[in-house]
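Novice: For the sequence shown, counting from 1, position 271 maps to 313 in the numbering used here; every step adds exactly one.
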Amino acid sequence: MSPKRIRVGVLGATGAVGQRFIQLLADHPYFEIGALTASDRSVGKRYADAAKWLLRGGMPAAVEDMELAPTEPAAIGADIRLLFSALPGGAAGQVEADLAAAGFAVCSNASAHRMDADVPLLIPDVNPEHTALIPAQKRARGWRGFIVTNPNCTTTHLVCALKPLQDAFGLSAVNVVSMQALSGAGYPGVSALDILDNVIPFIGGEEGKLESEPLKLLGAMQGGAIAPADFVVSAQANRVAVRNGHLEAVSVKLKRPAKIEEVAAAFTGYRGEPQRLGLPSAPDPAIILHTADDRPQPRLDRLAGNGMATSIGRLRPDPIFDYKFIVLGHNTIRGASGGAILNAELLYSQGYLA
Ligand SMILES: NC(=O)c1ccc[n+]([C@@H]2O[C@H](COP(=O)([O-])OP(=O)(O)OC[C@H]3O[C@@H](n4cnc5c(N)ncnc54)[C@H](OP(=O)(O)O)[C@@H]3O)[C@@H](O)[C@H]2O)c1
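1) Can you confirm whether the stretch 94-109 touches the stretch 124-143 when touching is taken to mean that 3 or more C-beta pairs between the two stretches lie within less than 8 Å?
2) Can you tell me where the alpha helix (DSSP H) with H199 in it begins and where it stops?
3) If the criterion is Cβ atoms closer than 8 Å, does the pair S153 and N194 meet it?
4) Would you mind listing the alpha helix (DSSP H) stretches within the stretch 324-367 that are 4+ residues and don't spill past its ends, in chain order?
5) Does the structure place the stretch 113-120 close enough to the stretch 56-69 that three or more beta carbon pairs sit under 8 Å?
6) Is it buried or exposed for M43, if we count other Cβ within 10 angstroms and need 16 for buried?
7) Across which residues does DSSP place T79 in a beta bridge pair?
8) When burial is assigned at 16 or more other CB atoms within 10 Å of the CB, is K94 buried or exposed?
9) Excluding the 5 residues preceding and the 5 following A269 in the sequence, name in chain order all residues of the same chain whose CB lies nearer than 6 Å to its CB.
10) If you run the structure through DSSP and keep just helix, strand and coil, what is F73?
11) Looking at H199: is its Cβ nearer than 8 Å to the Cβ of E290?
12) For S233, which of helix, strand or coil comes out of DSSP?
13) According to DSSP, what are the bridge partners of K295?
14) Note down, in chain order, each residue of its chain lying with its Cβ closer than 7 Å to the Cβ of G449, except the 5 sequence neighbours on either side.
15) Let me know the beta strand (DSSP E) ranges lying completely inside the stretch 245-279, each 3 residues or longer, listed in chain order.
16) Nearest-angstrom Cα distance between A90 and V52?
17) Sorted by chain position, which residues of the same chain lie with C-beta nearer than 7 Å to F363's C-beta, five sequence neighbours on each side aside?
18) Just how far apart, CA to CA, sit A386 and I75?
19) So V50 packs on L124, CB below 8 Å; how close in whole Å?
20) According to DSSP, simplified to helix, strand and coil, what is T56?
21) With DSSP as the reference, identify every bridge partner of Q222, one or two as the case may be.
22) Using only the alpha-carbon positions, how far apart do L370 and C202 sit?
23) What ranges does the alpha helix (DSSP H) occupy inside the stretch 137-205, keeping only unbroken runs of at least 4 residues that lie completely in it?
24) Please state whether the Cβ-Cβ distance between M350 and R376 is less than 8 Å.
25) By alpha-carbon positions, which one of H155, G320, G212, G86 ends up nearest to P130?
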């Protein structure tokens, strides 16, 4: 018999990531939606009137008539324990802290708290042990609740690919050039006249996130804090005219020599905590290694593992680094809402939502 589902809220429910939350939570075995919030522009409206639904399959009937609440503690029902945040980074900082202080568990997509020393930046496949920061976070801040964050969408798939290499061989340097989908810019995002027939070689703030977040994610828990990983990342971020799915051209320098077959085996053999626990949103396998010369591609491969898997291909030696390969992953599923939901499933299994 399945346990009683936990009632959850979605903050920023009308946006690109908020809509994914609603879609992915529609039949979730652990969670059910009990509250939706948005900006002042939408507060008080029916969800169906405020949100321009962007996803295939239509808006779930259960949310159509829900009234959008203000994004503040007093407006969210006492029966809600867990909040998924799809707020813009600027709005998220104070609001998420206020909600955690008021007793909510906040699983956030926003960048505001990702690099706070006492806030887990979490990918359950990569660093499930970093949730050990939560008790210290609550103590230090005097909060009844807590905040857990998931990484930037491009970082997520990069780090899912780097984790097996770091475990098996160690990493000393990583170079990444991203080709990022339009949905990563939210809705309505980049103007059609800017992106059609074009590539934009700049995404504000993105390269800094790609160069810093992997070091926290792959860092080690030492004495109750995270010691960052000791490799260096160089990133160049580009916006391309693809709807969903971020592609990344990655080169790595390893600490220990490895044959190409060993690198391939590290990818294909990788199993993390979500697979061991059988979490509902966990892809299995988490990494799909392609051998065809022209894969992975966004249109063909972004929905691998229901959008939760990381696809890798074109693994080959690199004349400057040791190896190079292509990484592809869905940005609004594993890179955003699906990643936050997997975080919450891990927290549930570890007892943090009791
Ligand atoms: N898109 C991606 O692939 C992706 C991936 C990873 C992380 N993220 C992060 O996820 C977050 C959401 O991104 P998005 O692409 O969904 O953005 P978006 O489409 O612009 O949606 C923003 C949402 O936040 C609400 N909002 C805006 N200002 C607010 C305020 N002051 N108070 C309360 N609600 C407010 C909006 O409500 P209204 O409709 O009422 O304006 C809307 O629901 C961002 O932090 C982003 O960096 C996005």
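C-beta: ideal position from N, C-alpha, C; glycine also.
Note that the coordinates shown come from a computational prediction; the quantities given were computed from them, not determined experimentally.
Specialist: According to the structure data:
1) Cβ pair count under 8 Å is below three, so no.
2) As a first step, residue 199 must be located in the sequence shown, where it is residue number 157. Residues 195-211.
3) Position 111 of the sequence shown, counting from 1, holds the residue named residue 153. Position 152 of the sequence shown, counting from 1, holds the residue named residue 194. Yes.
4) Whole alpha helix (DSSP H) segments, 4+ residues: 340-343.
5) Judged by Cβ distances under 8 Å, the stretch 56-69 makes no contact with the stretch 113-120, as fewer than three pairs qualify.
6) Mapped onto the sequence shown, residue 43 falls at position 1. Low confidence applies to M43: its pLDDT is 43, below 50, so where it sits in the model is not reliable, and the reading given next is rough at best. It is exposed - the Cβ of M43 has fewer than 16 other Cβ atoms within 10 Å.
7) For this step, residue 79 is matched to residue 37 along the sequence shown. Answer by DSSP bridge pairing, in chain order: A111.
8) Locating residue 94 in the sequence shown gives position 52, counting from the first residue. The residue is exposed, with fewer than 16 neighbouring Cβ atoms inside 10 Å.
9) Against the sequence shown, residue 269 aligns to sequence position 227. When the five nearest sequence neighbours on each side are left out, the beta carbons in the same chain lying within less than 6 Å of the beta carbon of A269 are those of G261, A262, in order along the chain.
10) Here residue 73 refers to the residue found at position 31 when the sequence shown is read from its first residue. Here F73 sits in strand by DSSP.
11) Stepping through the sequence shown from its first residue, residue 199 is reached at position 157. Stepping through the sequence shown from its first residue, residue 290 is reached at position 248. Pairing H199 with E290 gives a Cβ-Cβ distance under 8 Å.
12) As a first step, residue 233 must be located in the sequence shown, where it is residue number 191. Note: S233 maps to coil in three-state DSSP.
13) Taking the first residue of the sequence shown as 1, we reach residue 295 at position 253. BP columns for K295 point to A215.
14) The chain is shown from 43 up to 396; residue 449 falls before or after that span and cannot be answered.
15) You should have 262-264, 267-269.
16) Here residue 90 refers to the residue found at position 48 when the sequence shown is read from its first residue. Here residue 52 refers to the residue found at position 10 when the sequence shown is read from its first residue. When rounded, the distance between both Cα atoms is 15 Å.
17) Here residue 363 corresponds to residue number 321 of the sequence shown, with the count starting at 1. Excluding residues within five positions, the ones whose Cβ falls inside 7 Å are A215, N217, S293, V294, K295.
18) Numbered from its first residue, the sequence shown carries residue 386 at position 344. Numbered from its first residue, the sequence shown carries residue 75 at position 33. A386 and I75 have their alpha carbons spaced roughly 14 Å apart.
19) Numbered from 1 along the sequence shown, position 8 holds the residue referred to as residue 50. Numbered from 1 along the sequence shown, position 82 holds the residue referred to as residue 124. Sure, about 4 Å apart at Cβ, within 8 Å.
20) For the purposes of this step, residue 56 is taken as the residue at position 14 of the sequence shown. Here T56 sits in coil by DSSP.
21) Stepping through the sequence shown from its first residue, residue 222 is reached at position 180. Listed as beta-bridge partners of Q222 by DSSP are R281.
22) In the sequence shown, the residue the question calls residue 370 occupies position 328. In the sequence shown, the residue the question calls residue 202 occupies position 160. Their Cα atoms are separated by approximately 10 Å.
23) Taking 4 residues as the minimum length, the alpha helix (DSSP H) runs contained wholly in the stretch 137-205 are 175-183, in order along the chain.
24) By 1-based counting over the sequence shown, the position of residue 350 is 308. By 1-based counting over the sequence shown, the position of residue 376 is 334. A contact, by the Cβ cut-off of 8 Å.
25) The residue given as residue 130 occupies position 88 in the sequence shown. Of the listed residues, the one whose Cα sits closest to P130 is H155.
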